[in-house]
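Asks: Structure incoming, see below.
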Amino acid sequence: AFNTWTSMATPLSSPRAQHAAQLLPGGNEVLVIGGVNRNGFVTSAERFPVNDNGATTPVAGTVPAANVYTSVLLADGDVLAMGDGSST
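The sequence shown begins at 2 in my numbering and counts up by one.
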C-alpha cells in the first residue's frame, strides 16, 4: 500500500544506516549494501523481496568497509556501489 510502513517478516541480518538500497531489475527485490551500525562498518549485502515481504537473502562475499554508500543500476543489470570513509 502507498504511504504505509510494514515490518519485514525477516529483517536484515544487521541493522544499518548510511547504506545503499538499489531496486533490482524486475522491480521485485532491493539490494541493501554496506553502511554502519553501532558496532562499526557493515560489510555485507542482502536482497529482500518488496512485494511479498519474504525472507532476506544474504549476498555471498563482503563489501568494503565504508559508509555513505550510493549505488546505480547499470544497463547490463549489474549494480555499481561505492562508499566513503574508513576504519582509521
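Backbone N, C-alpha and C fix where the C-beta goes; we use that ideal spot for every residue, glycine too.
Go ahead and label PHE49 buried or exposed: buried means 16 or more other beta carbons lie within 10 angstroms of its beta carbon, across all protein chains shown.
Replies: buried
Asks: Who are the near neighbours of LEU75 in its chain, counting only those whose CB is closer than 8 Å to its CB and skipping five residues on each side?
Replies: LEU81
Asks: Can you look up SER72 in the DSSP assignment and give me helix, strand or coil?
Replies: The DSSP-derived three-state label of SER72 is strand.
Asks: Kindly give me the distance between the Cβ atoms of THR11 and THR57, rounded to whole angstroms, as I take these residues to be in contact under 8 Å.
Replies: With 8 Å as the limit, THR11 and THR57 qualify as a contact, their Cβ atoms being about 5 Å apart.
Asks: List, from N- to C-terminal side, the beta strand (DSSP E) runs of 3 residues or more that fit wholly inside the segment 13-79.
Replies: 21-24, 30-34, 46-50 and 68-74
Asks: Taking the alpha-carbon positions, what's the VAL73 to GLY36 distance?
Replies: 16 Å
Asks: Determine the closest residue to ASP53 out of ASN4, VAL31, GLY84 and MET83, with distance taken between C-alpha atoms.
Replies: VAL31
Asks: VAL43 to GLY28, Cα distance in whole Å?
Replies: When only Cα atoms are considered, VAL43 and GLY28 end up about 25 Å apart.
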